[in-house]
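Take the sequence shown: its letter number 470 is residue 699 in the numbering used here, and every next letter is one higher.
Here's the structure we're looking at; comments come further down.
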Amino acid sequence: MTAADMLRLLEAWRAAGWLRSLDLAFARFIAERDGDAPASLLLAAALVAHLEGRGHSGLPCAQLASDAEALLAWPPEGLQALRQALVGWQPGSAALQAEWSARPVVQANPADDSGATPLVLRGGLLYLRRYWRCESRVATQVHARAAAHEHARAAAQEGSRAAAQERTRPQPGTEADALLDQLFGPAPPGADTTDTDWQRQACSVALQARLSIITGGPGTGKTYTAARLLVLLQALRPGPQPLRVALAAPTGKAAARLRQSIQKALHGLQQQLAPGLLDWAQQLDPARTLHALLGTQPGTRHFRHDAANPLEVDVLIVDEASMVHLEMMAQLLEAVPTTARVVLLGDQDQLASVEAGAVLGDLCQSTALKAQTVVLQKSHRFDGPIGQLALAVNRGDAATAAGLLRADPQGPVAALPSPAAAAVWPVALRGRPGAEGGYGVYLQLLSQRPEDAPAFDRWARGVLQAFDGFRVLTALRDGPWGVTGLNQAIERALADAGLLARRGEWYEGRPVMVTRNDAALGVFNGDVGIVLRPPAAAAAAGRPGADAALRCYFLEGEDLRSVAVGRLADVETAFAMTVHKSQGSEFGHVLLAVPEEDTPVLTREWLYTGITRASRALTWAGPLNPALALATARQTRRVSGLRDLLGPAAG
Numbered sequence: 230m231t232a233a234d235m236l237r238l239l240e241a242w243r244a245a246g247w248l249r250s251l252d253l254a255f256a257r258f259i260a261e262r263d264g265d266a267p268a269s270l271l272l273a274a275a276l277v278a279h280l281e282g283r284g285h286s287g288l289p290c291a292q293l294a295s296d297a298e299a300l301l302a303w304p305p306e307g308l309q310a311l312r313q314a315l316v317g318w319q320p321g322s323a324a325l326q327a328e329w330s331a332r333p334v335v336q337a338n339p340a341d342d343s344g345a346t347p348l349v350l351r352g353g354l355l356y357l358r359r360y361w362r363c364e365s366r367v368a369t370q371v372h373a374r375a376a377a378h379e380h381a382r383a384a385a386q387e388g389s390r391a392a393a394q395e396r397t398r399p400q401p402g403t404e405a406d407a408l409l410d411q412l413f414g415p416a417p418p419g420a421d422t423t424d425t426d427w428q429r430q431a432c433s434v435a436l437q438a439r440l441s442i443i444t445g446g447p448g449t450g451k452t453y454t455a456a457r458l459l460v461l462l463q464a465l466r467p468g469p470q471p472l473r474v475a476l477a478a479p480t481g482k483a484a485a486r487l488r489q490s491i492q493k494a495l496h497g498l499q500q501q502l503a504p505g506l507l508d509w510a511q512q513l514d515p516a517r518t519l520h521a522l523l524g525t526q527p528g529t530r531h532f533r534h535d536a537a538n539p540l541e542v543d544v545l546i547v548d549e550a551s552m553v554h555l556e557m558m559a560q561l562l563e564a565v566p567t568t569a570r571v572v573l574l575g576d577q578d579q580l581a582s583v584e585a586g587a588v589l590g591d592l593c594q595s596t597a598l599k600a601q602t603v604v605l606q607k608s609h610r611f612d613g614p615i616g617q618l619a620l621a622v623n624r625g626d627a628a629t630a631a632g633l634l635r636a637d638p639q640g641p642v643a644a645l646p647s648p649a650a651a652a653v654w655p656v657a658l659r660g661r662p663g664a665e666g667g668y669g670v671y672l673q674l675l676s677q678r679p680e681d682a683p684a685f686d687r688w689a690r691g692v693l694q695a696f697d698g699f700r701v702l703t704a705l706r707d708g709p710w711g712v713t714g715l716n717q718a719i720e721r722a723l724a725d726a727g728l729l730a731r732r733g734e735w736y737e738g739r740p741v742m743v744t745r746n747d748a749a750l751g752v753f754n755g756d757v758g759i760v761l762r763p764p765a766a767a768a769a770a771g772r773p774g775a776d777a778a779l780r781c782y783f784l785e786g787e788d789l790r791s792v793a794v795g796r797l798a799d800v801e802t803a804f805a806m807t808v809h810k811s812q813g814s815e816f817g818h819v820l821l822a823v824p825e826e827d828t829p830v831l832t833r834e835w836l837y838t839g840i841t842r843a844s845r846a847l848t849w850a851g852p853l854n855p856a857l858a859l860a861t862a863r864q865t866r867r868v869s870g871l872r873d874l875l876g877p878a879a880g
């Protein structure tokens with residue numbers, strides 16, 4: 230097959246919907262850059278671009294021939310067309326990769342992230358250079374922090390030996406151990422791993438490491454542990470000045486929850502600790518989104534803070550780290566001085582980031598960070614049916630999960646008797662037996678607008694908090710089970726029930742999600758707000774032009790802020806949202822809308838993440854069989870070379 234034949238074939242695949250226009254455009258770009266590029270390389274170029282859109286860092290050449298179905302999730306006719314195109318050449322063969330490596334558009338086995346070719350080939354993975362560079366940068370940062378940690382530890386050991394010889398100070402670790410005893414209680418003598426206090430262990434590890442990971446499911450106490458780690462670090466700091474601490478998360482909602490959780494945990498320690506140990510907490514800066522922390526620069530992918538202009542921090546704690554995509558992790562680690570401690574909090578069993586990479590999972594499973602990773606194993610919140618359901622899904626036990634959903638129609642977890650999408654509307658309006666509420670709760674509060682302006686902020690906070698009492702989560706963007714279809718149907722059902730009055734695109738009570746970062750407005754992708762009429766406009770309700778005063782209100786912890794609706798260009802209605810977009814959030818009652826037709830999006834990680842967004846009740850809407858068994862058995866496997874890049878420095 231000639232290169233021209235291949236481009237025509239790729240055009241047909243794009244027309245069939247198997248490839249994106251962007252994938253085809255990249256193959257054409259490679260053909261323009263290299264007029265003698267073989268057809269096989271043009272096909273690989275289109276597929277590496279396609280896989281980037283599916284969250285993979287690169288194209289695993291051997292898997293393309295051996296397991297294309299799992300890799301691409303194309304329909305049978307698409308896979309058959311691919312098999313026919315592969316006749317006569319083996320993507321994983323040394324000969325073919327040698328042929329690709331000789332092309333001017335491919336750099337093979339680079340030692341670092343320098344170079345300018347659009348494609349990189351290493352270890353059987355074909356990368357877009359951008360993602361090779363990101364993986365290389367992350368690996369470089371991990372190795373640098375490991376080396377800095379070893380250097381600091383060796384220096385400390387040498388200093389301790391000298392001090393012991395001079396008998397001028399106590400044995401190393403005594404002060405830290407005493408503080409750990411205050412925070413967690415004395416460690417039981419001779420305890421085995423079944424008795425290990427993993428929260429205490431996580432603090433001990435993070436005290437020593439420049440980069441550490443604390444992972445665990447919801448309710449295992451990640452932020453509880455992080456708060457105690459801050460107490461330890463501040464108490465053991467050299468000099469009189471408190472450490473400079475930054476708290477961050479990928480979304481505004483997650484950042485607000487991080488700050489609240491840290492402050493709550495610190496407040497609970499006030500009576501437990503000696504006076505003065507928490508004085509620094511009064512100056513703790515608010516948690517910020519990663520974009521805000523690094524300093525977004527409009528019109529560019531670059532941030533104000535980078536390796537040349539690092540953050541002025543001694544400790545950085547990042548929550549919901551599973552949501553941090555590969556490029557962001559590279560930029561973040563480069564912007565933090567290697568002298569600072571970085572602590573990543575997250576749940577490695579959750580969905581990976583929407584964009585390319587599964588960095589937290591790669592870091593947790595790498596040998597390079599094995600000693601710096603602690604898994605918290607006991608949930609202090611999910612010990613009932615929701616927790617049991619999440620655990621069953623996580624271990625691939627579909628039978629137990631189905632039994633829990635069928636056990637009690639009025640229990641904390643239940644499946645609706647009808648698999649039709651129409652079964653969602655009554656629950657969205659008023660909840661279900663055993664899990665009352667729905668969106669009627671916040672809309673009822675919406676109708677109780679206070680007359681006086683001073684009470685408005687308190688009321689607005691209540692409306693936003695009530696809205697978080699219920700949420701519809703789904704897997705798809707389009708169709709009756711997708712975000713678009715569900716939002717339209719729920720909006721219509723609420724209006725028909727007299728619970729909201731829609732007047733055009735913008736109306737009071739409309740919940741919206743921001744879909745693009747806008748640093749100038751202070752809103753970021755994933756932020757959810759509710760449209761309200763501010764106090765000054767309330768009296769003008771019903772008069773011509775009154776709706777022009779509508780503003781969208783956002784809540785970050787207890788901080789209420791608003792933006793005029795006319796300035797919000799990139800938003801969508803948010804009665805229903807994808808599970809991906811819900812990460813970092815928690816809702817009282819979650820309705821999990823599962824489409825009637827199977828889709829590759831329905832995976833074990835998707836189910837687990839959706840289930841664990843619920844704190845009080847979980848309702849399954851849609852077919853239970855075979856959807857539950859299929860999704861539970863299907864695990865996400867993102868292609869990445871990061872683990873291999875981290876491996877050599879593990880010793």
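C-beta: ideal position from N, C-alpha, C; glycine also.
query	result
Would you give the residue range spanned by the alpha helix (DSSP H) that Gly691 belongs to?	685-696
For Ser791, report the span of its beta strand (DSSP E) as first-last.	788-793
Under 6 Å Cβ to Cβ from Thr397, same chain only, skipping five residues before and after it: list those, please.	For Thr397, the predicted model reports a pLDDT of 39, less than 50, meaning its position is unreliable; a value from the coordinates is still stated below. None.
When the Cα atoms are used, what is the spatial distance from Leu238 to Asp296?	21 Å
Run through the DSSP bridge pairs and tell me what Glu785 is partnered with.	Asp788
Can you find at least 3 beta carbon pairs, one from the stretch 694-703 and one from the stretch 724-731, that sit closer than 8 Å?	no
Ser433 lies in the alpha helix (DSSP H); which residues open and close that run?	427-437
Straight-line CA distance for Gln716 to Ala649?	Here residue 716 turns out to be Asn, not Gln, going by the sequence shown. Computed Cα separation, rounded: 16 Å.
Leaving out five residues on either side along the sequence, give the residues of the same chain with a beta carbon under 7 Å from the beta carbon of Gly870.	Ser286, Gly287, Arg351, Gly352, Leu354, Glu364
Ordered along the chain, which non-local residues of its own chain (more than five positions away) have a Cβ less than 7 Å from that of Ser269?	Trp318, Leu325
Within 10 angstroms of the Cβ of Asp637, are there 16 or more other Cβ atoms? Answer buried if so, exposed if not.	exposed
For Thr444, which three-state DSSP category applies?	strand
Tell me whether Asp548 is buried or exposed, calling it buried when 16 or more other Cβ atoms sit within 10 Å of its Cβ.	buried
What is the rounded straight-line gap between the Cα of Ala310 and the Cα of Asn754?	37 Å
Using DSSP with H/G/I as helix, E/B as strand and the rest coil, what is His818?	strand
Leaving out the 5 sequence neighbours to the left and right, which residues in its chain are closer than 7 Å to Ala241 when beta-carbon positions are compared?	none
Would Pro740 and Val712 qualify as a contact pair, given that the criterion is a beta-carbon distance under 8 Å?	no
Assuming Pro471 and Ala748 are in contact, meaning their beta carbons sit under 8 Å apart, how far apart are those beta carbons, in whole angstroms?	The pair is not a contact, with the Cβ atoms about 28 Å apart (cut-off 8 Å).
According to DSSP, Asp873 sits in a beta bridge with which residue or residues?	Per DSSP, none; premise fails for Asp873.
On the CB-based measure, 16 or more other CB atoms within 10 Å of its CB, does Trp809 come out buried or exposed?	It should be pointed out that residue 809 corresponds to His in this sequence rather than to Trp. So His809 counts as buried.
Report the option in Ala695, Ala862, Gly876, Val316 whose CA atom is closest to the CA atom of Ala628.	Ala862
Answer with yes or no whether the minimum CB distance from Gly448 to chain C is below 8 Å.	Among the chains in the structure shown there is no chain C, since it carries only a single protein chain.
Go through its chain and collect everything with a Cβ distance to Asn338's Cβ below 6 Å, but skip five positions before and after it.	Arg351
From Thr425 to Leu605, what distance separates their C-alpha atoms?	10 Å
Within the chosen definition, does the stretch 437-449 reach the stretch 463-479 through at least 3 CB pairs nearer than 8 Å?	no
Express the C-alpha separation of Glu801 and Pro614 in angstroms, rounding to a whole number.	33 Å
Which of helix, strand or coil does DSSP assign to Trp329?	helix
Just how far apart, CA to CA, sit Ala254 and Ala275?	8 Å
Output needed for Leu821: all residues of its chain with C-beta closer than 6 Å, excluding positions within five of it in sequence on either side, in chain order.	Leu702, Gly839, Trp849
Give a yes or no on whether the C-beta atoms belonging to Leu271 and Ala256 are separated by under 8 Å.	yes
Can you tell me where the alpha helix (DSSP H) with Trp654 in it begins and where it stops?	653-659
So if DSSP puts Tyr356 in a beta bridge, which residue, or which two residues, is it bridged to?	Gly287, Val349
How many angstroms separate the CA atom of Gln639 from the CA atom of Arg661?	8 Å
Would you kindly work out how many angstroms separate the C-alpha atoms of Glu720 and Phe804, rounded to a whole number?	8 Å
With distances taken between CB atoms, is the gap from Thr567 to Ala377 smaller than 8 Å?	yes
Note down, in chain order, each residue of its chain lying with its Cβ closer than 8 Å to the Cβ of Leu465, except the 5 sequence neighbours on either side.	Glu404, Ala405, Leu408, Leu436
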